[in-house]
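Here is the structure we will look at, set down as structure tokens.
4 protein chains.
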Amino acid sequence: MTQGPRKLINGNENEAVWKPIKERRHERADKKSAVLRKAARLFLAQGYNRTNLNDIAEQLNITKPALYNYFASKDEMLFECFRLGHEMILHQMAEIAESPTSGLEKVARFIRAYARLMTTDYGACMVRLDERELPARTLEHVRAFKRDIDHRLRKFVSGGVEDGSIIRCDVKLTTFAIAGSLNWIGHWYKPKGASPDRIGEEFAARLIAGLAQQQSKPKNPTQ
Amino acid sequence: MTQGPRKLINGNENEAVWKPIKERRHERADKKSAVLRKAARLFLAQGYNRTNLNDIAEQLNITKPALYNYFASKDEMLFECFRLGHEMILHQMAEIAESPTSGLEKVARFIRAYARLMTTDYGACMVRLDERELPARTLEHVRAFKRDIDHRLRKFVSGGVEDGSIIRCDVKLTTFAIAGSLNWIGHWYKPKGASPDRIGEEFAARLIAGLAQQQSKPKNPTQ
Amino acid sequence: MTQGPRKLINGNENEAVWKPIKERRHERADKKSAVLRKAARLFLAQGYNRTNLNDIAEQLNITKPALYNYFASKDEMLFECFRLGHEMILHQMAEIAESPTSGLEKVARFIRAYARLMTTDYGACMVRLDERELPARTLEHVRAFKRDIDHRLRKFVSGGVEDGSIIRCDVKLTTFAIAGSLNWIGHWYKPKGASPDRIGEEFAARLIAGLAQQQSKPKNPTQ
Amino acid sequence: MTQGPRKLINGNENEAVWKPIKERRHERADKKSAVLRKAARLFLAQGYNRTNLNDIAEQLNITKPALYNYFASKDEMLFECFRLGHEMILHQMAEIAESPTSGLEKVARFIRAYARLMTTDYGACMVRLDERELPARTLEHVRAFKRDIDHRLRKFVSGGVEDGSIIRCDVKLTTFAIAGSLNWIGHWYKPKGASPDRIGEEFAARLIAGLAQQQSKPKNPTQ
DNA sequence: GATGAATGAGCCTTCATTCAT
DNA sequence: TATGAATGAAGGCTCATTCAT
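Protein chains in written order, with numbering that gives the first Met the number 0: chain A, 0 to 222; chain B, 0 to 222; chain C, 0 to 222; chain D, 0 to 222.
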């Protein structure tokens, strides 16, 4: 609170003006991250509505209004969860898209990557939290995030159909089938069960089987 | 409400003394159903929390406290949504379980049936509403509902592994993969898109492909 | 609130850094007391049910939810009224119990003390508010408070019977007779009538007369 | 309401007009009494506020709106409880007032009579229910009832002081002391404890002792 | 940056009472 | 007379957010 005076007493003026500012920026970013992660975990554990700002603040050993130093509102925290989740997924999908492989292989890689993401906090937030809690403006952003992911996955699939690695199928429904399997991971995954990689492999095996062209289908299409 | 005409058509004036009582019972049951269906739809459309009793009452042209003639509390409505959803699913699964078919075929039938259910109000409620809104007592019931469904599906799968119609696989993960695909339908289904039956067929085709033993696998495993 | 002036008078500007914290604590305790006293008075004046939190808040120039900074619920306020009343009574009875006097004298002292307490807010709360408004948990506490007081008074009476200062009588009924007279004060007392001390003397005189052994009974035992 | 027609159709005109009317009047009065007694007991057992009309109706095997055939409102029931209580007390006091006895004896008789009344439903209602639940109009009536009783008792006491049977004392406080003891009975009396008569005797003995002039005071002043 | 205190808005629920039948 | 259904009014409580310090 009245740290100013104390700093004058204890501090070294040079450090007080320069270093701390950088440090503070780091500290500030770290704290913001800590707040968000705590929020994300509580949102997942209890639901967004049943998590109040006091819950979050208490677990961070600060008080409710202190949260407003880092986020302008509760729904901004929620939006950030979605944004980070989307960012992670997007990053993986972009990488896969650029790889010079068949559509089937892209889908397989996506499954493995996305399965792993579903076992992370922000990944799970993307599929378990309800964007309708957001105000109109940010709501639209999140919906765009989700459409974006969906479209990209559809592109993998339709690319596979075109390059012959994937059977002719209803791209939209197929995409939904894959996405549903994967999203569900966010609901049931628990650290003490099967490992994220294990889950990714198994899901890739199961889901790819229904897509691969017979002739090109190895016994285990994910190897 | 518009019973008058119907009474004139069907009714016998002599029965007038008795019938009203029966009719009232029907009316009451009908009204309760109407309340619940409206509640379910609003819960799905806006989320449970963002739906207040006024919303429900207004759309029914009654006032908020009138709802308490039919349900003791808001969360009782929510529980009933889950209960009806579970009831429908259970009914289908029981029928499938009794059929003298291979495990693979049971899974295929389940996929078609469950896909259809996901396109109904109470079916979607089962997977889209959050049971954690419920008080402890009924929360446990709903969790038991969900475990029950999960166990039954696992039995279909493990039965198929045992009878040789399904490849050796991680039963738990496989069940999750199937359930996830299907549950997701409740989130994206819209009446103007693909028909429930169409969805069921496509999903059966895709999901079964990864399970069927090669030799026994026809081109379209669900025929 | 009007601490400003007082601070100017009493305070030392140097202490300003520390004192506010202490002062705030005091303020907080003071405010809590003020809330409770206002609540107690309204409960007495209008009855617990007919007093709503708005009534209390308005008279304190705050808003209804601000009350929740000090009490977790309306019934917690009620319980505190009972608790403080009990505390005051208990304190007096404990002191009397320790005094090296006859049972009769203890009863006489109790009458005077209790009569005075009945003319205070929390004292009157003990006998005029209905503990059945409380939830099960705290209800039992209050009933224990009341049983406690009753038992202690019975002990004074039975002690007097044993030490010969009080005639043989039905201890239970006698205790009820005394307690009833005294409790009733809480219902009729008004500041502009007889003074608390006056009431205590008169009641002691009247009530003791029926208890004292003849030989030891002065004409007016309270003079 | 629109029974007229049906009566014309089904009824026998003679019976319908004469006998049933008397019978119905009796029935009606009986039912009204039953309603009131049930209400009184619930008011005492749970408090007026916590007793809702459903509670009363249920215990009578009728429905809530049926109560409105007998009483215009809930507070009319409450008022009737007070009125009956007052009536009973008044009746006894009037009888005592007319008896050619000393003031002391009148007080003694009053104590015995009132103690008994406190063990009855409507007697207890007089002292345990809160007249402030009533609307302004009837509230004033009940307050008048209570003042009336108070005045009459004061008259007994002051009469006794004048006729020399009672010591000089503060008539008002003395009356309060007696009334308080007696009213309290309504709060603690239970059928399985001391009998009403027993209580009356004991209370008369205790309370009279402090009033009787020494010379005229027999060992047991109430004989 | 951080805090204690306060607020406004909103929501579920209760209940006496009314009304058509 | 009696009932099922509905209503208006009110009350306790929660919580994100603001503000002075």
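Where a beta carbon is used, it is the ideal one built from N, C-alpha and C, also for glycine. It should be emphasised that the depicted structure is a prediction, and the values quoted were computed from it without experimental measurement.
Contacts with chain A at 8 Å (Cβ-Cβ) do not include B:Asp-54.
Boundaries cannot be given for B:Leu-59, as no alpha helix (DSSP H) includes it and DSSP labels it neither H nor E. Membership of B:Asp-162 in any alpha helix (DSSP H) is not indicated, and neither H nor E is assigned to it by DSSP.
Chain order gives the chain C residues near D:Arg-131 as Gln-45, Gly-46 and Arg-49, where near means a beta carbon separation below 8 Å.
Against chain B, the CB of A:Asp-169 has a partner CB under 8 Å away; the residue lies at that interface. Chain-ordered, the chain D residues with CB closer than 7 Å to the CB of C:Thr-173 read Arg-205. Between the region 66-74 of chain A and the region 34-53 of chain A there are three or more C-beta pairs closer than 8 Å, enough to call the two in contact. Spanning the alpha carbons of D:Glu-94 and D:Glu-161 requires a straight line of approximately 20 Å. The Cβ of B:Glu-201 sits closer than 8 Å to at least one Cβ of chain A.
Contact between A:Gly-159 and A:Leu-103 holds: their C-beta atoms lie close to 5 Å from each other, under 8 Å. Counting the other Cβ atoms within 10 Å of the Cβ of D:Pro-190 gives fewer than 16, which makes it exposed. Scanning chain A for C-beta atoms nearer than 9 Å to the C-beta of B:Ala-193 yields Asp-169, Lys-171 and Leu-172, reported in chain order. Rounded to whole angstroms, the gap between the alpha carbons of D:Gly-185 and D:Val-126 is 7 Å. Per DSSP, reduced to three states, the secondary structure at D:Ala-65 is helical. Contacts between C:Leu-181 and chain D, judged by CB atoms closer than 8 Å, involve Gly-179 in chain order. For C:Tyr-113, the enclosing alpha helix (DSSP H) covers residues 102-117. DSSP, read as helix, strand or coil, puts B:Ala-143 in helix. Counting the other Cβ atoms within 10 Å of the Cβ of C:Glu-97 gives fewer than 16, which makes it exposed. Rounded to whole angstroms, the Cβ separation of D:Thr-50 and D:Ala-56 is 11 Å, and the two are not in contact under 8 Å.
Beta-bridge partners assigned by DSSP to A:Ala-176: none are found. Nearest neighbour of B:Leu-77 by Cα position, chosen from B:Arg-197, B:Pro-134 and B:Glu-201, turns out to be B:Pro-134.
Chain-order list of chain B residues neighbouring A:Ile-198: Leu-172, by C-beta distance under 8 Å. Exposure of B:Ser-194 is indicated by the presence of fewer than 16 other C-beta atoms within 10 angstroms of its C-beta. When Cβ-Cβ separations below 8 Å define contact, A:Gly-159 makes no contact with chain B. Neighbours of D:Gly-209 in chain C, taken as residues whose beta carbon is under 8 Å from its own, are Ala-204, Arg-205, Leu-206, Ile-207, Ala-208 and Gly-209 in chain order. In this chain, the alpha helix (DSSP H) harbouring B:Pro-195 covers 195-208. Per DSSP, the continuous alpha helix (DSSP H) segment holding B:Ala-123 begins and ends at 120-127. With respect to chain B, the C-beta atom of A:Ala-176 has a partner C-beta closer than 8 Å. Residue environment analysis places C:His-25 among the exposed positions, since fewer than 16 neighbouring C-beta atoms fall within 10 angstroms of its C-beta. Excluding residues up to 5 positions away in sequence, Ala-107, Ile-110, Arg-111 and Thr-221 lie with their Cβ nearer than 6 Å to the Cβ of D:Ala-203 in the same chain.
The Cβ-Cβ distance between D:Trp-183 and C:Phe-155 does not fall below 8 Å. C-alpha of A:Glu-201 to C-alpha of B:Ile-207: approximately 15 Å in a straight line.
According to DSSP, residue pairing for C:Ala-211 in a beta bridge involves C:Ile-165.
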